[in-house]
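Enquirer:
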């Protein structure tokens with residue numbers, strides 16, 4: 043659907059049966075009214091954000107840092123994992139505590155993935171996953187939709203992968219705050235300076251995903267392997283002389299992208315081939331359909347904590363934060379199958395393979411440790 047009654051065009055790539063909130067559409071048109079804005083493309087996972095829509099690619103002659111947001115460099119990477127046996131209960135207990143940062147001086151074997159210096163010299167929170175919708179997931183490759191493409195990536199049905207979703211862990215927030223304290227939601231006064239800091243955060247986020255994958259692989263007794271997919275979905279790029287802002291939208295112009303479902307549903311690896319009308323982008327995940335407050339309220343009325351630790355697909359959830367368990371429940375999200383169907387129907391992507399969760403790590407499960415400590 044589009045509206046050409048204003049100079050800027052707005053297109054949302056969703057079918058009539060898709061769950062798209064009116065508040066998200068309102069935000070698309072509010073962004074479209076910004077000076078210099080050319081086009082707003084909404085993905086099928088579109089939902090309202092803080093001042094700007096999430097699941098959108100926005101093209102402008104002006105650079106607006108707030109359209110990228112505070113978690114610059116957030117993205118999803120997929121790492122092959124070789125294990126002889128994958129028993130979820132045993133592996134869940136072996137996950138490292140990804141709330142504890144790596145110390146650059148501690149000699150942890152995960153540091154072997156570091157090639158060069160740490161971007162921006164930002165050593166805080168390295169090797170940690172963060173909160174919100176971030177996660178590290180051990181998954182099994184399910185259905186192969188494109189055998190040739192999957193083979194080129196080294197994937198076959200039944201293979202194990204680590205999926206890591208995280209961002210710049212405070213670095214991006216610092217960059218945005220430096221801008222907003224002076225300019226608010228206005229444009230960048232010095233685009234080159236913002237982009238230099240932004241690029242550091244993007245590189246930092248990618249390094250952090252690799253560090254976490256190495257930490258988990260070593261803890262599970264598997265060798266670390268480089269990612270076969272690593273795409274950022276909060277960033278800005280210069281394209282054809284204009285600024286293409288992505289907030290919860292992954293580069294989809296000839297890229298492979300893991301579109302995340304929930305901890306209780308499959309995710310989908312897709313081959314993106316989106317053009318200019320879609321902002322050269324594809325969806326990054328299922329997209330929320332409930333606010334965190336609604337998910338918490340409804341979840342507590344419907345589920346117990348123990349019910350949420352075992353998902354509908356039989357996987358386990360490692361999460362010591364009870365509130366986060368409810369806020370990130372699968373029912374708080376849109377149907378991933380609908381999102382993927384919309385991408386395919388609109389010619390933005392094709393399916394390559396699905397992945398099915400075995401263990402989803404959100405934050406360290408501290409309760410068993412407390413019990414052990416009392417003994």
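Numbering (my numbering), first residue to last: 43 to 417. Heads up, the beta-carbon is just placed ideally off N, CA and C, and yes, glycines get one too.
Given a cut-off of 9 Å on the beta-carbon distance, is the pair residue 269 and residue 121 in contact?
Expert: In contact: residue 269 and residue 121 (Cβ atoms closer than 9 Å).
Enquirer: Closest to residue 161 by C-alpha separation, out of 99, 250, 195, 82, would be which residue?
Expert: Residue 161 has its Cα closest to that of 250, out of 99, 250, 195, 82.
Enquirer: For residue 256, collect the residues of the same chain with a Cβ closer than 6 Å to its Cβ; drop the 5 residues on either side in sequence, then sort them by chain order.
Expert: Cβ within range, chain order: 152, 155, 266.
Enquirer: Closest by CA to residue 227, which one among 315, 110, 239, 276?
Expert: The shortest C-alpha separation from residue 227 is found at 110.
Enquirer: From the DSSP output, which residues share a beta bridge with residue 139?
Expert: Residue 139 pairs with nothing; no bridge assigned.
Enquirer: Looking only at its own chain, which residues have a Cβ that is under 8 Å from the Cβ of residue 78, when we skip the five neighbours before and after it?
Expert: For residue 78, where only same-chain residues beyond five positions count, the Cβ hits under 8 Å are 102, 103, 104, 229.
Enquirer: If the criterion is Cβ atoms closer than 9 Å, does the pair residue 320 and residue 94 meet it?
Expert: Cβ atoms of residue 320 and residue 94: not closer than 9 Å.
Enquirer: Going along the chain, which unbroken runs of the alpha helix (DSSP H) with 4 or more residues stay wholly within the stretch 54-85?
Expert: Counting whole runs of 4 or more residues, the stretch 54-85 contains the alpha helix (DSSP H) stretches 64-74.
Enquirer: List the endpoints of the continuous alpha helix (DSSP H) containing residue 98.
Expert: Note, residue 98: premise wrong, no alpha helix (DSSP H); beta strand (DSSP E) at 96-102.
Enquirer: To which residues does DSSP link residue 177 through a beta bridge?
Expert: Its beta-bridge partners are 207.
Enquirer: Assuming contact is defined by CB atoms lying nearer than 9 Å, are residue 326 and residue 290 in contact in what I supplied?
Expert: Yes. Within cutoff.
Enquirer: Pull up the distance between the alpha-carbon of residue 361 and that of residue 158, whole angstroms please.
Expert: Approximately 33 Å, taken between the alpha carbons.
Enquirer: Assuming contact is defined by CB atoms lying nearer than 9 Å, are residue 329 and residue 85 in contact in what I supplied?
Expert: Contact: yes.
Enquirer: Please name the residue or residues paired with residue 311 in a DSSP beta bridge.
Expert: 300, 395.
Enquirer: Mind checking who residue 339 pairs with in its DSSP beta bridge?
Expert: Its beta-bridge partners do not exist; DSSP assigns none.
Enquirer: Does DSSP classify residue 121 as helix, strand or coil?
Expert: Correct three-state label for residue 121: strand.
Enquirer: Who does residue 288 pair with in a DSSP beta bridge?
Expert: Its beta-bridge partners are 99, 277.
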